[in-house]
Every structure is written in C-alpha cells, then in structure tokens.
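One structure is given below, encoded as structure tokens.
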Amino acid sequence: MGLDFGELLSRLRTWLNRQVRNGVLTERGLARRAGLSQSHIHNVLKGARILTPATADRILEALGLTLLDLLEWEEAERLLCMRLEQEQAGRTTPPCVSPEGGAVRIPPGRALLRGRLQAPRKPSSPN
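FYI, the numbering for the sequence shown is 276 to 402, going by this note's numbering.
See below:
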C-alpha cells in the first residue's frame, strides 16, 4: 500500500483537530505561530477550506514537525524496507539490510496519531 500527500494532509488535519479538542493547541495560538489568520485555521480544521501543502508546511514548521512525524514507526519502517527492496532488486543483499550487513532501522520517531508526540523541548544550556 502506498502513501500519498492527500493521506498525510488528512492525518495532519485530524491530529490538529484532536490537539485543539484536547486543549493542547488553540486555533488562535496555532494561527499566530504559523503566521496565518485564525479564521483560515478554523476553516481548514472544520473542512470548509482545503489544507494545502503550503499551509501544511507552515503549520509543521511552526510546530517543529516534519512529514515523517505523520507516520507511525511501523509504517515508516515498512515503507523504507519496501523502497530498499526495490532498490536492491537483483542483488544478493536481503531486504532491509544495508550493503554493509547491518539492519536498516529508523530511530523511534514522534508518532502523532497515537498521541505520543511531546511538545518540542528547548535545548538545555551547556552549563
């Protein structure tokens, strides 16, 4: 099964709605951080306006997130393994194993859809 931009945009909108409903974010605060109007954010979240890739980029950047944060760990691993299989077709290296022989793994990421995302933390001072 593939993954397309429409699905990622839908996941982002669903997650944002959940965060607003749970009081983690406000429409006004999100709008301010992303440099958008509150009414635009409201309309996007309610489905009256389409969440465009450009708007999604602004929101993700404002929240310190990336598209990878919209994927579950298992899903990202599966997609990467599928890609690796395609690239290694015809080689003797098994799928999901790097040419050096080590397993190709992705680090545990922030998963939005199961509520495991934590607010970005400020870097600690070196002192």
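Heads up, the beta-carbon is just placed ideally off N, CA and C, and yes, glycines get one too.
All of these numbers come straight from a predicted model, not from anything done at the bench.
Cβ-based neighbour list, residue i, same chain, cut-off 8 Å, excluding 5 preceding and 5 following
{"i": "residue 294", "result": "300"}
{"i": "residue 310", "result": "333, 337"}
Cβ neighbours of residue i in the same chain (closer than 7 Å, five flanking residues each side left out)
{"i": "residue 318", "result": "324"}
{"i": "residue 316", "result": "302, 305, 306"}
Neighbourhood of residue i by C-beta distance below 6 Å, restricted to the same chain and skipping five residues each side
{"i": "residue 284", "result": "326, 331"}
{"i": "residue 308", "result": "337"}
Inter-residue Cα distance where the pair is residue i and residue j
{"i": "residue 368", "j": "residue 288", "result": "Any reading at residue 368 needs caution, since the residue's pLDDT is 49, under 50, leaving its predicted position unreliable; the model's value is listed next. In a straight line, the C-alpha of residue 368 is about 39 Å away from that of residue 288."}
{"i": "residue 348", "j": "residue 298", "result": "25 Å"}
{"i": "residue 335", "j": "residue 328", "result": "10 Å"}
{"i": "residue 353", "j": "residue 320", "result": "29 Å"}
Closer than 8 Å: residue i CB and nearest the ligand GDP heavy atom
{"i": "residue 312", "result": "The ligand GDP is not among the ligands present in this structure, which contains no ligands whatsoever."}
Could you give the uninterrupted runs of the alpha helix (DSSP H) lying entirely in the stretch 298-332, keeping only those of 4 residues or more?
302-309, 313-321
What are the start and end residues of each continuous alpha helix (DSSP H) run of 4 or more residues lying completely inside the stretch 334-358, in chain order?
none
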